[in-house]
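As structure tokens, the structure follows; a few thoughts come after it.
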DNA sequence: CACCCGCACAACCAAAAGGTTTCATATAAG
DNA sequence: CTTATATGAAACCTTTTGGTTGTGCGGGTG
């Protein structure tokens with residue numbers, strides 16, 4: 036089952052889980068110790084995170100270690116970065132970005148101009164898509 | 036009522052609404068025309084977006100115009116950027132992958148290894164930060 | 001004035017989300 | 001072998017979410 040990454044990080048508990056696991060891997064119980072809700076509930080959250088690729092499970096004996104796959108956050112980063120010009124001091128990049136918003140092929144053209152952020156992200160997204 | 040921005044952008048319809056309104060403001064009906072769901076449903080989404088500050092309403096006669104406040108996405112960007120190092124220069128706990136994440140050959144190797152994204156974004160962010 | 005138009009609000013509904021308790025199973029330890 | 005541990009899965013419950021239809025109100029317009 037493929038889950039939506041945006042939905043996955045919508046829940047604060049899951050964001051916290053990611054924060055914990057990002058540093059190093061923990062088994063399920065160790066993760067659950069950080070919360071007041073039941074282990075089963077945490078387990079469900081972890082399952083959701085695995086279903087969108089943000090976490091993978093490595094079995095070791097009877098324990099299962101959660102390993103972060105933060106690269107999956109790229110999708111979110113890409114989307115948010117689209118609008119980064121709205122809170123950063125408006126720089127040159129905005130033009131490049133707006134240009135790349137109109138039409139898909141903008142990325143190719145813009146790539147040579149390589150005006151930075153938005154362009155590279157567009158390119159990246161294409162590679163990223165499976 | 037203060038809403039969670041992460042929850043707000045979790046819904047694809049709301050992300051689309053933001054995308055529409057980001058370019059220029061539209062009244063409710065104009066926004067709703069982009070969807071197959073009822074105007075009331077769109078209206079609810081817009082309300083949620085206003086409740087977390089992502090949209091503000093400007094009344095003009097009997098029409099209400101939606102204006103984007105993308106700056107509110109900063110919170111999300113900050114959170115995601117926390118982990119940008121995972122797809123930039125550091126490891127993503129992918130054994131065998133992290134070895135290929137260093138230096139010049141990283142780009143070639145990574146591209147072959149289905150990743151590609153990380154490297155491109157690295158470039159993007161470096162330029163972006165400067 | 002009479003009449004559309006744009007919109008909000010209320011009532012209602014099905015499905016999904018988030019939680020709990022209970023039980024089953026595989027592995028480690030004694 | 002027996003017991004403790006780590007975890008998954010099922011059943012169940014409540015709240016939230018995302019949608020609908022119907023009603024009403026104020027603002028323009030003929």
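Chains as they are written, first to last, in our numbering: chain A, 36 to 165; chain B, 36 to 165.
C-beta: ideal position from N, C-alpha, C; glycine also.
- Chain-order list of chain B residues neighbouring residue 108 of chain A: 115, 118, by C-beta distance under 7 Å.
- For residue 46 of chain A and residue 66 of chain B, the gap between their C-alpha atoms comes out near 27 Å.
- If you check the CB distance, residue 61 of chain A and residue 105 of chain B do not come in under 7 Å.
- Leaving aside the five residues that flank residue 56 of chain B on each side, the residues in its chain whose CB is nearer than 8 Å to its CB run, in chain order, 66, 90, 101, 102, 103.
- Within the segment 50-65 of chain B, the residues whose Cβ lies closer than 9 Å to some Cβ of chain A are 50, 53, 54, 57, 58, listed in chain order.
- Residue 38 of chain B sits in coil when the DSSP states are folded into three classes, being neither helix nor strand.
- Residue 79 of chain B is outside the set of residues whose beta carbon lies under 7 Å from a beta carbon in chain A.
- The Cβ of residue 70 of chain B sits no closer than 7 Å to any Cβ of chain A.
- Rounded to whole angstroms, the separation of the alpha carbons of residue 110 of chain B and residue 42 of chain A is 16 Å.
- One Cα belongs to residue 88 of chain B, the other to residue 95 of chain A, and the distance between them is close to 45 Å.
- In the structure shown, the three-state DSSP call for residue 93 of chain B is strand.
- Residue pairing from DSSP places residue 62 of chain B in a beta bridge opposite B:100.
- Contact with chain B is found for residue 42 of chain A, since one of that chain's Cβ atoms lies less than 7 Å from the residue's Cβ.
- With respect to the 7 Å criterion, residue 36 of chain A and residue 107 of chain A are not classified as neighbours on the basis of their beta carbons.
- Assigned with DSSP and collapsed to three states, residue 113 of chain B falls in helix.
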